[in-house]
Amino acid sequence: MPLIDVRDLARTFVVRKRARGMRRTRTEVRAVRDLTFAVESGEMVGYIGPNGAGKSTTIKMLTGILVPTAGHLHVAGLEPSRRRTDLARRIGVVFGQRTSLWWDLPLRDSFELLQKIYGIAPDRYRANLAEFVELLDLGDLLDTPVRQLSLGQRMRGDITAALLHDPEILYLDEPTIGLDVVSKGRLREFLRTLNAERGTTLLLTTHDLQDIEALCRRVMVIDHGTLVFDGDLAALHREGGSTRTLVVDLLDEAGPIEVPGATVRRTEGPRQWLSFPTDASAAPIVAAVAASYAVADLSIQEPDIEDVIRDLYGRPDRS
Amino acid sequence: MGEALGVVRDAPRQYARIARLWVRSSLSYRASFAMLTLASLLLTFLDFVGLGLMLHLIGDLDGFALWEIALLYGASGIGIGVADLLIGSVEQIGQHIRSGTLDAMMVRPVPLIVQVCADRFALRRLGRISQAVAVFAWAAWSVDWTPSKVVVALLMVISASAIFFALFVTFSCIQFWTQDASEFANAFTYGGNTMTQYPLSIFPSEVLKSLTFVIPVAFANWYPCLYLLDREDPFGMPGWFAVAPPFVAALMCVIAGLTWRTGVRRYTSTGS
Amino acid sequence: MLYVAIATRGFRRYSTYRAATLAGIFTNCVFGVIYSYAYLALWAQRPDAGGYDATDAVTYVWIGQALLMTVALWGGGTTDDLAERIRTGDVAIDLYRPVGLVPWYLAADLGRAAYHFLTRGLAPTVVGFLVFDIVLPGSAVATLAFLVSMVLAVVTSFAIRFLVASTAFWLMDQSGVKMLSGLAALFLSGMVLPLVIFPEPLRSIALALPWASYLQTPADIWLGKRVGADLLAGLGLQVTWIVVLVGLCQVVVAAATRKVVVQGG
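Protein chains in written order, with the working numbering: chain A, 1 to 319; chain B, 1001 to 1272; chain C, 2001 to 2265.
Okay, structure coming up:
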């Protein structure tokens, strides 16, 4: 049985607004519908979608904070909303934009509180704390009140807080938001190590497609409450009809290059951009171009995942 | 049902663990802790000074002497003081919802109510309790004690705490529906406490009936104290009301528990 | 004018807390009822304590509830923002602005007071009027004088709250001082018991202090206990305290500015 088992999950919200005059309108918003997927233990899954697509709603249902309106949902064999406190021992959650640490207390105190709350054995706690403090570079910050920490520091604190009790699953809701490039890189490295060494299952929602590229072999794309894609990264590129680009610098300006298997997208003086399917090899095209034209230089650009996703979002609903 | 019993069994231990840490943390800011404890002690003492001044003026209030009022005042004060110490933080639930920390609490393996009540456990709230105990002790000196009165007095103090406990929780639950209205609970908790500082005979019978049958704070001190003071009930209520507080308290706690569950259910069913 | 804009913004900001206002009005009414009966019991045994009769006393209770939030008797109001900005250091920006710190926060507080007067001032008074026998001001002059006195009370309260908040410049945190100040205000304004029934010499001392301005003075004007020269004397004392306290505020601002600019913190 998969660790996270979701079938036909749905969540509808009723939104009451005060319209013009005294009348109140009542609209039903289907935040999530017909959501089906399964995650096995040890996977690292990226969960992406535009704003309002239903990512946070899904996480809330998975952690038991929100009751689904319909469908079947089991995490580690438990129904999250019914067995919330039992499940709590086995999961860790990092909320990107708000902290679960105690604002006025030093970081160390927050961790100790969590030790008491989760009932972590003292030696296990010390070992974990030492390891995360070192990996996430928190040594100097342990005695600083949380409210004085920078966003990146707080995020590292939150991650430590979520992992002290050795959860099987770690949910991260937009963890790299607002971080600088260096911090993002360090965080991704940490998460990779975590998954590799401890086998922690990771489910990561994010807007940052670089996170996906760096971390997740598997990607789920959600839009308007339903999955539009579930597979690995390579398949995502193929599905998105993404193309690679061959940038050709000719010795002199010329008309559009004509070569089988590639189409010219753009020209700018002697430089031309040719696109060809992602799964095709660049070699024959390069050879053909070099054979027929006087080439000064060539380079290949990988597909832009942004375009891929945008393309997927733009697809009409598949119900 | 089994889960509920498990909660009751583990809850005190989990609560104590969390509370201890907050105490340790607040003691590290010794000066501020001392000042705030002093301030809270003075604040509640002021209440009594007001009453004292009043009685200095008139000798007795509606036939009740200062020491008799002190008994009422002390009992009610102990009740709300203990409740405030142990679960007063439940009033902040609106803050937790607004800032998202309620979600963080919900994904932890300790019952939500324990976490909310133990949050920011403040030992300085002992200020109110110690002041009330002092006043009650002074008044108790003049009571004509018998063994049954001692039992009644003990039950009264415990029940008073439970009654205020229930009031705090029940009326704080409105914050599951609107996070703005945290002051709503005050009308019932601190209002109830203030009302019961006075002999209830100063109020018309409608008020007394509300305080007996609607929001039963009268059982926190009034009925038991009438027995302790060997007084006839000015409204002619049955004498056995003096031993009813434990049952009233139990009933109110059940209602509080149901209200809390309804509030949490609403939160998990509609999101925030 | 700039200050009108600030005041309007203050008003509007507090008006968004609708549920809190309703809850607050309810609380005011509950306490109004409690104290009314308590005072009725007291005055039943001493029918003219402090020169009041029973109806005066009950009216006093409801005036007290009405002024509680308007005057921010327990503390609070815009000076809490000041204390917070001092704590985070943002106040440094405020100190460099061409507008003085005191006038800025005062204008905003007056806006807040206007909102609280219209909601948590008037509503409980109406309830009190319906449920109990209360007296209304005896003349147009008395009504006008009451309103003037009330505004002076707000300004006095502001000045004291400002001083309390500015202790944050030196103590980092106003909460301890704020609590003690609230205590003093509660007692010395006449909220716990009318100052007029305090025994001497406490009575005279309390009436001479600025806190008497919060409730006792306006109430006495409303109840017609202060008329003619007495009324003017009351208003005069309020004004005198305002001059002294606001002057103190400016001194504190100057000292704080020096501290922030010179020490950078």
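Quick reminder that beta carbons are idealized off the backbone N, C-alpha and C, glycines included.
On the premise that residue j lies in contact with residue i, defined as a C-beta separation below 8 Å, what is that separation, rounded to the nearest angstrom?
{"i": "residue 72 of chain A", "j": "residue 7 of chain A", "result": "4 Å"}
{"i": "residue 1075 of chain B", "j": "residue 1156 of chain B", "result": "6 Å"}
{"i": "residue 247 of chain A", "j": "residue 271 of chain A", "result": "7 Å"}
{"i": "residue 282 of chain A", "j": "residue 1109 of chain B", "result": "That pair is no contact at about 53 Å."}
{"i": "residue 2115 of chain C", "j": "residue 2014 of chain C", "result": "5 Å"}
{"i": "residue 2146 of chain C", "j": "residue 2043 of chain C", "result": "That belief does not hold up - the Cβ atoms of residue 2146 of chain C and residue 2043 of chain C are roughly 22 Å apart, past 8 Å."}
{"i": "residue 1052 of chain B", "j": "residue 1066 of chain B", "result": "7 Å"}
{"i": "residue 279 of chain A", "j": "residue 238 of chain A", "result": "6 Å"}
{"i": "residue 2039 of chain C", "j": "residue 2019 of chain C", "result": "Incorrect: roughly 30 Å between the Cβ atoms, too far for contact."}
{"i": "residue 2105 of chain C", "j": "residue 2070 of chain C", "result": "At roughly 17 Å, the Cβ-Cβ gap does not stay under 8 Å, so residue 2105 of chain C and residue 2070 of chain C are not in contact."}
{"i": "residue 1125 of chain B", "j": "residue 1180 of chain B", "result": "About 24 Å separates the two Cβ atoms, so there is no contact after all."}
{"i": "residue 1163 of chain B", "j": "residue 1252 of chain B", "result": "6 Å"}
Over the uninterrupted beta strand (DSSP E) stretch that includes residue i, give me the two end residues.
{"i": "residue 1096 of chain B", "result": "Here residue 1096 of chain B belongs to no beta strand (DSSP E); instead the alpha helix (DSSP H) covers 1093 to 1099."}
{"i": "residue 44 of chain A", "result": "44 to 48"}
{"i": "residue 213 of chain A", "result": "Taken as a continuous stretch (DSSP letters only), residue 213 of chain A belongs to no beta strand (DSSP E), being part of the alpha helix (DSSP H) at 209 to 215."}
{"i": "residue 97 of chain A", "result": "Run containing residue 97 of chain A: none; DSSP gives neither H nor E here."}
{"i": "residue 74 of chain A", "result": "70 to 75"}
{"i": "residue 171 of chain A", "result": "169 to 173"}
{"i": "residue 1154 of chain B", "result": "Looking at the DSSP string, residue 1154 of chain B is not in any beta strand (DSSP E); the run it does join, the alpha helix (DSSP H), is 1147 to 1172."}
Are residue i and residue j touching if we call contact CB-CB under 8 Å?
{"i": "residue 163 of chain A", "j": "residue 170 of chain A", "result": "yes"}
{"i": "residue 223 of chain A", "j": "residue 49 of chain A", "result": "yes"}
{"i": "residue 201 of chain A", "j": "residue 174 of chain A", "result": "no"}
{"i": "residue 1135 of chain B", "j": "residue 1073 of chain B", "result": "yes"}
{"i": "residue 1116 of chain B", "j": "residue 1093 of chain B", "result": "yes"}
{"i": "residue 2149 of chain C", "j": "residue 2055 of chain C", "result": "no"}
{"i": "residue 1099 of chain B", "j": "residue 109 of chain A", "result": "no"}
{"i": "residue 2159 of chain C", "j": "residue 2067 of chain C", "result": "no"}
{"i": "residue 2195 of chain C", "j": "residue 2206 of chain C", "result": "yes"}
{"i": "residue 2112 of chain C", "j": "residue 2075 of chain C", "result": "no"}
{"i": "residue 1260 of chain B", "j": "residue 1169 of chain B", "result": "yes"}
{"i": "residue 2102 of chain C", "j": "residue 2239 of chain C", "result": "no"}
{"i": "residue 154 of chain A", "j": "residue 101 of chain A", "result": "yes"}
{"i": "residue 1104 of chain B", "j": "residue 132 of chain A", "result": "no"}
{"i": "residue 2224 of chain C", "j": "residue 2138 of chain C", "result": "yes"}
{"i": "residue 1078 of chain B", "j": "residue 1152 of chain B", "result": "no"}
{"i": "residue 46 of chain A", "j": "residue 206 of chain A", "result": "yes"}
{"i": "residue 1041 of chain B", "j": "residue 1130 of chain B", "result": "yes"}
{"i": "residue 1273 of chain B", "j": "residue 1192 of chain B", "result": "Outside the shown range of chain B (1001 to 1272) lies residue 1273 of chain B, about which nothing can therefore be said."}
{"i": "residue 2041 of chain C", "j": "residue 1061 of chain B", "result": "yes"}
{"i": "residue 156 of chain A", "j": "residue 172 of chain A", "result": "no"}
{"i": "residue 1068 of chain B", "j": "residue 1229 of chain B", "result": "yes"}
What is the residue span of the alpha helix (DSSP H) that residue i lies within?
{"i": "residue 2 of chain A", "result": "Per DSSP, residue 2 of chain A belongs to no alpha helix (DSSP H) and is neither H nor E."}
{"i": "residue 201 of chain A", "result": "First-last for residue 201 of chain A: 201 to 206, but that is the beta strand (DSSP E), not the alpha helix (DSSP H)."}
{"i": "residue 286 of chain A", "result": "283 to 292"}
{"i": "residue 296 of chain A", "result": "Counting along the chain, residue 296 of chain A falls outside any alpha helix (DSSP H), though it belongs to the beta strand (DSSP E) covering 295 to 301."}
{"i": "residue 2065 of chain C", "result": "2054 to 2070"}
{"i": "residue 189 of chain A", "result": "181 to 198"}
{"i": "residue 1109 of chain B", "result": "First-last for residue 1109 of chain B: undefined, no H or E at that position."}
{"i": "residue 2195 of chain C", "result": "It is not in any alpha helix (DSSP H) - residue 2195 of chain C carries neither H nor E in the DSSP assignment."}
{"i": "residue 253 of chain A", "result": "Looking at the DSSP string, residue 253 of chain A is not in any alpha helix (DSSP H), and its letter there is neither H nor E."}
{"i": "residue 1141 of chain B", "result": "From DSSP, residue 1141 of chain B is part of no alpha helix (DSSP H); its letter is neither H nor E."}
What residues are listed by DSSP as bridge partners for residue i?
{"i": "residue 275 of chain A", "result": "A:245, A:263"}
{"i": "residue 220 of chain A", "result": "A:47, A:230"}
{"i": "residue 38 of chain A", "result": "A:5"}
{"i": "residue 1206 of chain B", "result": "DSSP output for residue 1206 of chain B lists no bridge partner at all."}
{"i": "residue 27 of chain A", "result": "A:15"}
{"i": "residue 78 of chain A", "result": "A:75"}
What residues in the region 1101 to 1127 of chain B have a beta carbon less than 8 Å from any beta carbon of chain A? Using a CB distance below 8 Å, the part of the region 1101 to 1127 of chain B facing chain A consists of 1101, 1103, 1104, 1106, 1107, 1108, 1109, 1110, 1111, 1115, ordered along the chain.
Residues from the region 2057 to 2079 of chain C in contact with chain B, defined by Cβ distance under 7 Å: none
Name, going along the chain, the residues of the region 2081 to 2099 of chain C whose beta-carbon falls closer than 7 Å to a beta-carbon of chain B. none
To be precise: take each residue of the region 101 to 113 of chain A, compare its Cβ to all Cβ atoms of chain B, and keep it if any distance is under 7 Å. Which residues remain? Result list: 105, 109, 112, 113.
Of the residues that make up the region 1044 to 1076 of chain B, which ones have a beta carbon closer than 8 Å to any beta carbon in chain C? 1046, 1047, 1049, 1050, 1053, 1054, 1056, 1057, 1058, 1059, 1060, 1061, 1062
Closer than 9 Å between beta carbons: that is the criterion. Which residues of the region 1012 to 1027 of chain B meet it against chain A? 1014, 1017, 1018, 1020, 1021, 1022, 1024, 1025
By the 7 Å beta-carbon criterion, what residues does the region 1183 to 1194 of chain B contribute toward chain C? Those would be 1183, 1184, 1186, 1187, 1191, 1194, in chain order.
For the region 2001 to 2024 of chain C, which residues have a CB atom closer than 8 Å to at least one CB atom of chain B, in sequence order? Taking 8 Å as the upper bound on Cβ-Cβ separation, chain B lies near residues 2017, 2018, 2019, 2020, 2022, 2023, 2024 of the region 2001 to 2024 of chain C.
Can you pull out the residues from the region 2149 to 2173 of chain C whose beta carbon lies closer than 8 Å to at least one beta carbon of chain B? 2173
Against chain B: residues of the region 114 to 125 of chain A by CB proximity under 7 Å: 116, 117, 118
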